[in-house]
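Trainee:
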Amino acid sequence: MKKLIYILMVILLTVGVAGCSDDFLSASSTEKQEAGAPAYEGAILANLASAYQILLFDSYANQNYNSIPLMSDLRSDDIFKGGGDAGDQRQLYLLSLFTSTPQELPEGLWAILYSGIARANNAISACENAVEVPEEKVNQYKAEAHFLRAYYTHWLWKFWGNVPYFEEPLTTPPYMTRQYTADEIYA
Numbered sequence: 508m509k510k511l512i513y514i515l516m517v518i519l520l521t522v523g524v525a526g527c528s529d530d531f532l533s534a535s536s537t538e539k540q541e542a543g544a545p546a547y548e549g550a551i552l553a554n555l556a557s558a559y560q561i562l563l564f565d566s567y568a569n570q571n572y573n574s575i576p577l578m579s580d581l582r583s584d585d586i587f588k589g590g591g592d593a594g595d596q597r598q599l600y601l602l603s604l605f606t607s608t609p610q611e612l613p614e615g616l617w618a619i620l621y622s623g624i625a626r627a628n629n630a631i632s633a634c635e636n637a638v639e640v641p642e643e644k645v646n647q648y649k650a651e652a653h654f655l656r657a658y659y660t661h662w663l664w665k666f667w668g669n670v671p672y673f674e675e676p677l678t679t680p681p682y683m684t685r686q687y688t689a690d691e692i693y694a
């Protein structure tokens, strides 16, 4: 028991002595980037990682299950895969019967994909404002962000046809952009 108390006292003393420095008062860069401000590699990678993170969100958004395979099955009239009853995924059941209302549409995938486009645009913007990052790395990061933006746009177009498309944040009210056809988007 004495040995345990001795070990605990040594640990507490070590933590106490180590915590008595002023290092915790000094500010250090978190490498976060303000929109349009210079971006170091950490900020670029953070923006790029957030654009990749959307790939993990292909299922749940806004409390709706809207996975890409499920939505594709719905479009192909092959929606009944088992599960509960007609109340299980009610919004999809009503959509398959063409009786859904605007409040019952599966908008989760729309929100997920547009979040991905916005995050990819942020990564591209960070690449364009890169500071102290080798050019070959900037080009690689920018290419990855362009690919992700194209990937998310592809799924939007595949599910909804003509979709609003933007490459920069919408900054003036009413925050709308025109719809583009597939030929215009893929040009």
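Okay, so the sequence shown: first residue is 508 according to our numbering, each after it adds one.
C-beta atoms are modelled at their ideal positions from N, C-alpha and C, and glycine is treated no differently.
1. From I619 to V517, what distance separates their C-alpha atoms?
2. Flag W667 as yes when its Cβ comes closer than 6 Å to any non-hydrogen atom of the ligand FMN, and as no otherwise.
3. Per DSSP, A546 is paired with what?
4. Quick one: Cα of S603 to Cα of R582, how far?
5. Please name the residue or residues paired with V670 in a DSSP beta bridge.
6. Just to confirm the assignment, what range does the alpha helix (DSSP H) spanning Y600 have?
7. So, for A546: in the same chain, excluding its five sequence neighbours on each side, which residues have a beta-carbon less than 6 Å away from its beta-carbon?
8. Kindly list the residues whose CB is nearer than 8 Å to the CB of H653, restricted to its own chain and excluding five residues on each side of it in sequence; keep chain order.
9. Residues in the same chain with beta-carbon distance under 6 Å from S536, minus the five sequence neighbours each way, listed in chain order, please.
10. Less than 7 Å between the C-beta atoms of L612 and N573, yes or no?
Mentor: Put simply:
1. On the sequence shown, position 112 is the one that residue 619 refers to. On the sequence shown, position 10 is the one that residue 517 refers to. Their backbone Cα atoms lie some 51 Å apart in a straight line.
2. This structure simply doesn't include the ligand FMN, nor any ligand for that matter.
3. Reading the sequence shown from its first residue, position 39 is the one you call residue 546. The partner list for A546 (beta bridge, DSSP) reads A637.
4. As a first step, residue 603 is located in the sequence shown; it is residue number 96 there, counting from the start. As a first step, residue 582 is located in the sequence shown; it is residue number 75 there, counting from the start. In a straight line, the C-alpha of S603 is about 8 Å away from that of R582.
5. Looking up residue 670 in the sequence shown gives position 163. Answer by DSSP bridge pairing, in chain order: Y687.
6. Reading the sequence shown from its first residue, position 93 is the one you call residue 600. Taken as a continuous stretch (DSSP letters only), the alpha helix (DSSP H) holding Y600 covers R597 to S603.
7. For the purposes of this step, residue 546 is taken as the residue at position 39 of the sequence shown. The residues are Q540, A633, N636 and A637.
8. The residue given as residue 653 occupies position 146 in the sequence shown. These residues qualify, in order along the chain: A627 and I631.
9. Taking the first residue of the sequence shown as position 1, residue 536 is located at position 29. Caution applies to S536, whose pLDDT of 45 falls short of 50 and renders its modelled position unreliable; the model cannot decide the point.
10. Looking up residue 612 in the sequence shown gives position 105. Looking up residue 573 in the sequence shown gives position 66. Contact flag unset, no.
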